[in-house]
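*Asks:* Taking numbering that gives the first Met the number 0, the leading residue of the sequence shown gets 0, the next gets one more, and so forth. Cβ atoms here follow ideal geometry from the backbone N, Cα and C, with glycine treated the same way. My questions will all concern the structure given below.
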Amino acid sequence: MISGPVRAKRYGGDNAEERTERRRLALIDAALAVSAEESRKRLTVDRVCQRAKLSKRYFYESFADVDALTEAVFEHVAAGVIDALSTGDADHTDVAAFVHTTTGAFVHYLTDDPRRARALFGELLMTEASNTVRAWAMQRIAAQVIARAREVHHIEPTDPLITTTAAMLIGGAGQAIIGWLDGNISGGRDLLIDNLARLILITGNGAAATARTDAPQLQLPRRSKTRTDGGMFEADPIDVARDRYLRKGLGKPDLFLAMSSVLRLHRRMTADLDQALRPLKLTTTSYMLLITVRFSDDEAMSLVELSRALIVHPATVTLLVDQLEKLGLIERRPSPRDRRATLATLTDKGRTELSRATDALERLSFGLPGTDPAGAYEIVEALRTVRVAAGDTPDK
0 MISGPVRAKR
10 YGGDNAEERT
20 ERRRLALIDA
30 ALAVSAEESR
40 KRLTVDRVCQ
50 RAKLSKRYFY
60 ESFADVDALT
70 EAVFEHVAAG
80 VIDALSTGDA
90 DHTDVAAFVH
100 TTTGAFVHYL
110 TDDPRRARAL
120 FGELLMTEAS
130 NTVRAWAMQR
140 IAAQVIARAR
150 EVHHIEPTDP
160 LITTTAAMLI
170 GGAGQAIIGW
180 LDGNISGGRD
190 LLIDNLARLI
200 LITGNGAAAT
210 ARTDAPQLQL
220 PRRSKTRTDG
230 GMFEADPIDV
240 ARDRYLRKGL
250 GKPDLFLAMS
260 SVLRLHRRMT
270 ADLDQALRPL
280 KLTTTSYMLL
290 ITVRFSDDEA
300 MSLVELSRAL
310 IVHPATVTLL
320 VDQLEKLGLI
330 ERRPSPRDRR
340 ATLATLTDKG
350 RTELSRATDA
360 LERLSFGLPG
370 TDPAGAYEIV
380 EALRTVRVAA
390 GDTPDK
């Protein structure tokens with residue numbers, strides 16, 4: 000009888016899960032290639048499989064149909080852009096250097112493989128379904144730009160001017176990159192980066208200054224309160240939203256205000272937690288991945304399990320595990336229970352850094368300042384009903 004753990008079979012150095020992911024990425028690359036070379040032809044399973052040199056069964060192993068593949072293409076490219084935009088230290092005193100570094104990473108990512116730029120900003124994969132997914136991808140990128148703008152300029156991320164500026168900068172920079180790729184903008188890539196960085200810096204600084212100047216004018220004083228020092232509290236943005244919702248005759252605002260409150264807290268909490276974790280080269284999501292692995296009985300979880308636990312796409316988990324593996328915090332190993340699965344396990348360094356990160360977040364009250372244990376319990380219980388109704392339940 001054979002004893003000991005069952006080792007996943009490896010072919011060419013990869014186990015089953017790694018081979019599946021490699022085939023999935025090959026199909027994404029093939030979709031980009033087919034779209035670039037046959038822009039006027041409709042993307043089909045046959046064309047993609049022929050280009051990837053894979054049979055159809057491997058296509059349906061990862062994707063339900065061409066629309067699902069298209070969604071994965073945009074998610075893959077958008078994830079790369081967001082990773083590039085995460086480059087640079089926003090707390091650095093030299094804002095110009097930060098903008099130049101971030102712009103450079105953005106341009107390099109999109110021009111190292113021009114198909115990425117043409118997918119997001121050009122005419123690749125132009126279908127009704129892809130346009131919806133492209134818009135979603137651009138919203139994700141815009142959210143990252145806004146988050147970084149808040150770090151640099153210390154401004155309210157939901158200010159309409161900042162949201163508009165982010166959309167304009169992303170779209171404008173994207174079209175400039177397309178123009179450069181098409182030869183309509185002269186000069187080398189370094190010059191393109193220099194010029195874009197200058198324009199982004201000028202526009203961003205101007206928008207931030209205007210937002211600060213206009214901010215008091217955008218607030219309504221409905222529930223302002225007098226402080227003991229004789230001053231006034233600024234109007235609560237949720238109260239402002241309630242007034243405007245009712246004033247516009249949009250109906251009962253209660254659920255809208257509850258949603259807005261949760262979203263506003265989430266944005267502020269994530270920004271504060273990310274800032275606290277940045278010295279450890281972690282983000283809120285990577286911290287949650289580490290502590291989720293720590294919670295498991297043997298401190299090891301498959302990438303599929305992590306995707307479900309964190310409620311994020313498998314591609315995002317793969318990207319996070321890659322980053323944490325480079326930092327020496329996570330190791331991959333075959334699952335002794337499933338030959339097709341790869342486990343992410345904590346290293347000794349991972350446990351140490353996780354402890355440091357938890358200490359840092361505890362000092363920040365985990366992004367819930369002014370909340371005592373009783374208040375924390377009330378938050379958990381109040382949200383439990385909503386989470387369960389929304390489908391956040393244990394897997395059956």
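Where does P333 fall in DSSP's three states?
*Replies:* Reduced to three states, the DSSP call for P333 is strand.
*Asks:* According to the neighbour-count rule (16 or more other Cβ atoms, all chains shown, within 10 Å of its Cβ), is G205 buried or exposed?
*Replies:* G205 is exposed by the Cβ-count criterion.
*Asks:* From which residue to which residue does the alpha helix (DSSP H) around L429 run?
*Replies:* Given a span of 0 to 395 for the chain in the structure shown, any question on residue 429 remains unanswerable.
*Asks:* Could you give the DSSP three-state label for S301: helix, strand or coil?
*Replies:* DSSP places S301 in strand when its eight states are reduced to three.
*Asks:* Looking at the strands, I want to know which residues DSSP matches up with A343.
*Replies:* M300, R331.
*Asks:* Count the other CB atoms, across all protein chains shown, that sit within 10 Å of the CB of H265; report buried if there are 16 or more and exposed otherwise.
*Replies:* It is exposed - the Cβ of H265 has fewer than 16 other Cβ atoms within 10 Å.
*Asks:* Report yes if the C-beta distance between A148 and G103 is below 9 Å; otherwise report no.
*Replies:* The answer is no: Cβ separation not under 9 Å.
*Asks:* Hey, which unbroken runs of the beta strand (DSSP E) at 3 residues or more fall wholly within the segment 13-46?
*Replies:* For the segment 13-46, not a single whole beta strand (DSSP E) run of length 3 or above is found.
*Asks:* Taking 7 Å as the limit between beta carbons, can you name the residues of its chain near E298, skipping five residues before and five after?
*Replies:* Same-chain partners within the cutoff: V292, T344, L345.
*Asks:* Ends of the alpha helix (DSSP H) at S61?
*Replies:* Note, S61: alpha helix (DSSP H), 55-61.
*Asks:* In or out: L289 buried (at least 16 other Cβ within 10 Å) or exposed?
*Replies:* Buried: at least 16 other Cβ atoms inside 10 Å.
*Asks:* As a quick exercise: from G171, A196, D242, pick the residue whose alpha carbon is nearest that of H99.
*Replies:* When each option's Cα is compared against that of H99, the closest is A196.
*Asks:* For the 8 Å Cβ check, are there 3 or more pairs between the segment 320-332 and the segment 369-376?
*Replies:* Flag = no, the segment 320-332 and the segment 369-376 do not touch.
*Asks:* How many angstroms separate the CA atom of A63 from the CA atom of E70?
*Replies:* Distance between the alpha carbons of A63 and E70 is about 11 Å.
*Asks:* How would you call T101, buried or exposed, if buried means at least 16 neighbouring beta carbons within 10 angstroms?
*Replies:* So T101 ends up on the buried side.
*Asks:* For a test of the three-state rule: what should DSSP assign to K348, helix, strand or coil?
*Replies:* Helix.
*Asks:* Within this structure, are the beta carbons of L42 and H75 separated by less than 9 Å?
*Replies:* No, Cβ-Cβ distance for L42 and H75 is not below 9 Å.
*Asks:* Does the segment 245-254 come within contact of the segment 263-283, defined as at least 3 CB pairs closer than 8 Å?
*Replies:* With a cut-off of 8 Å, the segment 263-283 and the segment 245-254 do not count as touching, because too few Cβ pairs lie within range.
*Asks:* What residue does the alpha helix (DSSP H) around P278 start on, and which one ends it?
*Replies:* It is not in any alpha helix (DSSP H) - P278 carries neither H nor E in the DSSP assignment.
*Asks:* If we call anything under 9 Å between Cβ atoms a contact, is E16 one with L319?
*Replies:* Their beta carbons are not under 9 Å apart, which means E16 does not touch L319 by this criterion.
*Asks:* Is R222 helix, strand or coil when you go by DSSP?
*Replies:* Here R222 scores only 43 on pLDDT, less than 50, and its place in the model is too uncertain to base an answer on.
*Asks:* Express the C-alpha separation of V385 and T164 in angstroms, rounding to a whole number.
*Replies:* Answer to the nearest angstrom: the Cα atoms are 34 Å apart.
*Asks:* To the nearest angstrom, how far is the alpha carbon of T399 from that of D242?
*Replies:* Residue 399 is absent from the structure shown; the chain starts at 0 and stops at 395.
*Asks:* Closest to I310 by CA distance: which of M287, Q322, D296 is it?
*Replies:* Here the closest residue by C-alpha is M287.
*Asks:* Does DSSP put G250 in a helix, a strand or coil?
*Replies:* DSSP places G250 in coil when its eight states are reduced to three.
*Asks:* Could you pull out every residue in the same chain whose Cβ sits closer than 7 Å to the Cβ of A134, ignoring the five residues on either side in sequence?
*Replies:* Once the five neighbours on either side are set aside, A134 has no close Cβ partner at all.
*Asks:* G103 by DSSP, collapsed to three states: which one?
*Replies:* Residue state, collapsed to three classes: helix.
*Asks:* According to the neighbour-count rule (16 or more other Cβ atoms, all chains shown, within 10 Å of its Cβ), is I207 buried or exposed?
*Replies:* For the record, residue 207 in the displayed sequence is Ala; it is not Ile. Counting Cβ neighbours within 10 Å, A207 comes out buried, since at least 16 surround it.
*Asks:* What is the C-beta distance between E60 and R22, in whole angstroms, given that I count them as a contact (C-beta under 8 Å)?
*Replies:* Between R22 and E60 the Cβ distance is about 7 Å, and since that is below 8 Å, they are a contact.
*Asks:* What's the C-alpha gap between R139 and V65?
*Replies:* Answer to the nearest angstrom: the Cα atoms are 22 Å apart.
*Asks:* Compute the distance between the beta-carbons of K55 and V44, then report whether it is under 9 Å.
*Replies:* Against a cut-off of 9 Å, the Cβ pair of V44 and K55 comes out as a contact.
*Asks:* Are the beta-carbon atoms belonging to A275 and L353 less than 9 Å from one another?
*Replies:* Not closer than 9 Å, so no.
*Asks:* Taking the straight line between their C-alpha atoms, what separation do you get for L119 and R50?
*Replies:* So the alpha carbons of these two residues sit roughly 21 Å apart.
*Asks:* Please classify E122: does DSSP put it in a helix, a strand, or coil?
*Replies:* If DSSP states are grouped into helix, strand and coil, E122 belongs with coil.
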